[in-house]
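> Take this structure, written in structure tokens, and hold onto it; I'll ask about it next.
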Amino acid sequence: MIRFDQVGVVYHGAREPVLRGVDLHIPEGELCLVVGRTGSGKSTLLGAVNGLVPHFTGGTLSGRVTVDGRDTAHHPPRELADVVGVVGQDPVAGFTTDTVEEELAYAMEQLAVPPDVMRKRVEETLDLLGLADLRHRALHELSGGQQQRVAIGSVLTAHPRVLVLDEPTSALDPTAAEEVLAAITRLVHDLGVTVLLAEHRLERVVQYADRVVYLPGDGTVRDGPPAEVFATTAIAPPVVRLGRLAGWQPLPLSVRDARRAAAPLRERLAGLPVPPVRRTPVPGARLLDAQRVVVKHGRTVAVREVSLSLTAGQVTALMGRNGSGKSSLLWALQGSGARRGGTVRVDGRDPGKVSAAEARRLVGLVPQTPTDLLYLETVDAEIAQADRESATGLAARGLLDALAPGIPGGLHPRDLSEGQQLALVLAVQLAAAPPVVLLDEPTRGLDYPAKDSLVGVVDRLAAEGRTVVVATHDVEFAAAAADRVVVMAEGEIVADGPTPAVITASPTFAPQTAKILAPHPYLTVPQLTRALPNPAPTRPEATP
Amino acid sequence: MSAHPAEDGGRRIPRDLHPLAWWAWALALGTAASRTTNPLLLLLVLGVLGFVVTARRTEAPWARGFPYYLWLALAVVAIRVLFRCVFATGVTPEDHVLLTLPRIPTPAWYAGIEIGGPVSLEAVLSSAVDGLRLACLMCCIGAANTLANPKRALRVLPGALYELGVAVTVSLSVAPQLVASAQRVRRARRLRAGSGKGVRALRGIVVPVLSDALDRSLHLAAAMDSRGYGRSGTATKASRRATGALLLGGMAGLCAGLYGLLDGTAPALLGLPALAAGSALCVAGLALGGRRVRRTTYRPDPWRLPEWGVAGCGLTAAVLLCVSVGYDATALNPSLYPLSWPALPVVPAVALLLAGAAGVLAPPPGRPPAAGPSPRAADDRELSEVSQ
């Protein structure tokens, strides 16, 4: 269906090719997962399938890409629209109309599908993706998961043979992501659509993949059945890392398979003491004390009389579905957001009542879109500006190098990777030396290594005597990074306690390791390593 | 005007009227309103607009805007009257002086415009009526916007102008996005204690907002491209050139024709003949350009009897007020000297009421949103993103 023959891609001005010598054949009806670090060329590979690379992005493509027998060299994206459907990360950015039904019809109108056929296909697609109740709704009123399903539907109505999805769930909460992935697997199984899917949160998708294409980062590509490819990749979901550690053959890809393979391991763990997931925090001084905080947006109560106190040296994960009030609470604690009632005290002062400059010395917040804070041309200029703004004597450059070493100062902030942008903004905020640091959804769009280094960063901040709050959907990240988990729903705190107790309380909410090893309270793979230095005594060579 | 929209909801199948019918109706009513300064007729126009809008608007977001147009209209009247009072134009002996504002001396080079002085009832009334007429025109446009989905109106453009329509549609959706992202960035600036005032602070907002918008438009362009927008169809180079030439010639003809019509001293050939030739060339160009476009429309709006009725009753009103047959033309523009209560001329009043029949002729608006915005959808979004 999709064939790459010795494909190489070089962008203008780049020294190294993004892809080189790629030979790849994806047969019809497969769900193929594209895996690799940020910047390893995943998007380029996906873009090459429908000719966006190089027709739209520029650059030079050598070799040959054919889809359904059509060579992308002679067919620009619009001429391939009836064969390949492309869905991006942010569905809203691709919408051209304003209601669900019209959006579904858009591609067909471009392809001059006769009106009666169009009508029929719209109805079918509405049913297929469970959108029938939403047909007349405005697109901006929908939730993230619904929007992404509309985006998938809007390319599906053209009846493409191939569906290319570039991180379709990275902006979604777990429930919405499940919704979208369920829709995708249904398409593969019911319609035999060939799907090419790039995703960072592998734990959500590995089990559905028929084939994995791995990009190690040097421009080459390795592909094969998931169990084979994941045996050695640098990027792997917890279930795979656990399987490698325990030396299970074949490598399990779903919690179910792993649990079946894990019976002997669970027996061995039975008598052993459980090491803590993280170093136990030393109870420190109370840094922030919020009482009965209320936030209202119009008539909606976003935060309902929430009381929260944060102590030094502690990392708190703030969890809950989209719209549960996490962001509103963080903004209200920082003092820049609206607060209708209640009190917040940091160091005896209320960050909502003092000047913005004063507030940021009390509480530092990194917003969901970190780039909102960046407006200068180079990293160096931003750093210098941060030094001037905070005037604490702390050098932002030093902070940045501690967070993410080796970011060239001459780069434009928008050219950095997501992880680097996050580090830059965090450094800018830390230059004001706030004792309380709040991070709003920092794990969005981060790959596993970037997330691991974020865990390190958060730990270091806590070790320096600050308190850190991280709003996140990522339960694996919360398990590894947080001492305490606070769960919000409908503006209220519904659970608050030590990480292991809160996140293992419900099976759906638990990290993969916990699901596999339950009833033993293990949360992360490193924790298991500490308990059992040699979990696979029969196959010691299998440990990474 | 006692007919209630709910009454005929049961008999007729609800559907959206063709957007062009609403626009034709509203523009015709606007033309009619611009012919008169009779306050009674103008108020009648407003009444007709109000009736039709309440009877036939949908629940869609763009349909909630009519009250804003009314406020805007009120503001126009108020500003007009205020200016007339402040910039006095002098009074004649038979004027009724209401009050006298203190006079502010103006420099010699500013002679001719006086600030302050006596304010007469006649001046206030004439400016109020003038303002009312302007307000009526604005409300007509507002009513068209309220009754017809502006984006659907753009879809009826001829095929050759399709790209233009898309550009307008997209730019319409960009404006609210720009506002949202400007609000987000401004809020975020506080986190960095947005140093400085003026240009520097502005830069802190403008740069992220614009790069955001640029990113988004690139995404949109890529998405549209990969969904088949701008497929070349069967156009040859020659046909594209011919289209260009025809349209260019047509435009030139239209300009010349308009100039000839408006300037009385221009040679007669420049008037109507040039206008007609220009229009013909334009139509031919559009038709030729449209032929190469291979595209279909999803659920196109039909043009049936109700459309004829709505557009027709609007146009009838406009024609009746333009030709002034069967009534005294001065009744349309009653004099303020001597000051008297204006009479309501019968034929124009009936004509305007006829325009109001559109509220009954049009079918009830169709395809309401399935169940309105469900609370679940509102919950799902990150509230802080929506409403700050």
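Sequence order for the protein chains is A and B. For the first sequence, our numbering gives the first residue as 7, with consecutive numbering after it. For the second sequence, our numbering gives the first residue as 3, with consecutive numbering after it. Ideal placement from N, C-alpha and C gives every residue a C-beta, glycine not left out. Computed from a prediction, not measured in an experiment: that's the story for all the values here.
What in chain A is Cβ-close to B/THR298, meaning under 8 Å?
MET114, GLU115, ALA118, VAL119, PRO120, PRO121, MET124
> Which residues in chain B sit within 7 Å of A/ASP378, going by Cβ to Cβ distance?
ARG186, VAL187, ALA190, PRO210
> Using 10 angstroms around the beta-carbon of A/THR473, count the other beta-carbons present and answer buried if the total reaches 16, otherwise exposed.
buried
> With 9 Å as the threshold, decide whether the Cβ of A/PRO513 is near any Cβ in chain B.
Taking a beta-carbon distance threshold of 9 Å, A/PRO513 does not count as an interface residue toward chain B.
> Beta-carbon within less than 6 Å of A/ASP74's beta-carbon, same chain only, minus the 5 sequence neighbours each way: which residues are those?
VAL89, ARG167
> Out of A/PHE10, A/VAL199, A/LEU30, A/GLY65, point me to the one whose CA is closest to A/ARG21's CA.
A/GLY65
> Apart from the five residues on each side of it in sequence, which residues of its chain come closer than 6 Å, Cβ to Cβ, to A/ARG9?
Cβ neighbours of A/ARG9 beyond the five flanking positions: HIS31, THR72.
> Which of the residues in the region 404-430 of chain A, read from start to end, lie with their CB under 7 Å from any CB of chain B?
ARG420
> Residues of chain B with a CB under 8 Å from the CB of A/GLY340: which are they?
Looking at the sequence provided, one finds Gln at residue 340 of chain A rather than Gly. Ordered by position in chain B, the residues that pass the 8 Å Cβ test against A/GLN340 are LEU193.
> Please return the same chain residues whose Cβ sits closer than 6 Å to the Cβ of B/LEU31, not counting the five positions on each side in sequence.
CYS142, GLY316, ALA357
> Taking 6 Å as the limit between beta carbons, can you name the residues of its chain near A/LEU208, skipping five residues before and five after?
PRO243
> Label A/GLY497 either buried or exposed according to how many other C-beta atoms from any shown protein chain fall within 10 Å of its C-beta, with 16 as the threshold for buried.
buried
> Let me confirm a value: B/CYS138 is counted as buried when at least 16 other C-beta atoms fall within 10 Å, else exposed. Which label applies?
buried
> Taking its Cβ as the centre, do 16 or more other Cβ atoms sit within 10 Å of A/SER315, making it buried, or is it exposed?
exposed
> Return helix, strand or coil for B/SER129, following the three-state DSSP convention.
helix
> Considering only the beta carbon of each residue, do A/GLU311 and A/VAL299 sit closer than 9 Å?
yes
> What number of angstroms, rounded off, separates the C-alpha of B/PRO377 from the C-alpha of A/LEU148?
Reliability of the predicted coordinates at B/PRO377 is poor, the pLDDT of 38 falling under 50, and no value is obtained from them.
> Under 9 Å, Cβ to Cβ, is there at least one residue of chain A near B/ILE207?
yes
> If the criterion is Cβ atoms closer than 9 Å, does the pair A/THR105 and A/LEU134 meet it?
no
> Looking at the C-beta of B/VAL201, does it have a partner C-beta in chain A at a distance below 9 Å?
no
> Name the chain B residues that come within less than 9 Å of A/GLY64, Cβ to Cβ?
Per Cβ cutoff of 9 Å: no residues; A/GLY64 is ~12 Å from chain B at best.
> With a threshold of 9 Å between beta carbons, is B/PRO302 in contact with chain A?
yes
> Have a look at A/ASP458 and A/VAL464 and give me their C-alpha separation to the nearest angstrom.
10 Å
> Which same chain residues end up closer than 8 Å to A/GLY416 when comparing Cβ atoms and leaving out the 5 residues on each side of it in sequence?
THR384, VAL385, ASP386
> Kindly list the residues whose CB is nearer than 6 Å to the CB of B/PRO347, restricted to its own chain and excluding five residues on each side of it in sequence; keep chain order.
TYR329, ALA333
> Going by the DSSP bridge assignment, what does A/GLU498 pair with across the sheet?
A/ALA495
> Between the Cα of A/PRO97 and the Cα atoms of B/THR148, B/HIS221, B/GLY287, B/VAL55, which residue gives the shortest distance?
With respect to the C-alpha of A/PRO97, the residue from B/THR148, B/HIS221, B/GLY287, B/VAL55 having the closest C-alpha is B/HIS221.
> Mapping the DSSP letters down to three states, classify A/VAL227 as helix, strand or coil.
A/VAL227: coil per DSSP, three-state reduction.
> At a CB distance below 8 Å, what residues from the region 236-252 of chain B approach chain A? Give them in sequence order.
none
> Suppose only complete runs of 3+ residues qualify. What are the beta strand (DSSP E) ranges in the region 88-167 of chain B, listed by chain order?
Within the region 88-167 of chain B, the complete beta strand (DSSP E) runs of at least 3 residues are 99-106, 117-122.
> According to DSSP, simplified to helix, strand and coil, what is B/TYR261?
In this structure, B/TYR261 counts as helix in the three-state DSSP scheme.
> Please name the residue, chosen from B/PRO340, B/VAL99, B/GLY311, that lies closest to B/LEU363 on a Cα-to-Cα basis.
B/GLY311
> With distances taken between CB atoms, is the gap from A/GLY53 to A/PHE62 smaller than 9 Å?
Yes, Cβ-Cβ distance for A/GLY53 and A/PHE62 is below 9 Å.
> Measuring only between beta-carbons, confirm whether B/TYR70 sits less than 9 Å from chain E.
The structure shown has no chain E; the protein chains it does contain are A and B.
> Just checking A/GLY159 against the ligand GDP - is the residue's beta carbon closer than 8 Å to any of the ligand's heavy atoms?
Ligands in the displayed structure: none, and consequently the ligand GDP is not present.
> Using CA coordinates, which residue listed in B/GLY255, B/ALA286, B/GLU309 is at the minimum distance from B/LEU271?
B/GLY255
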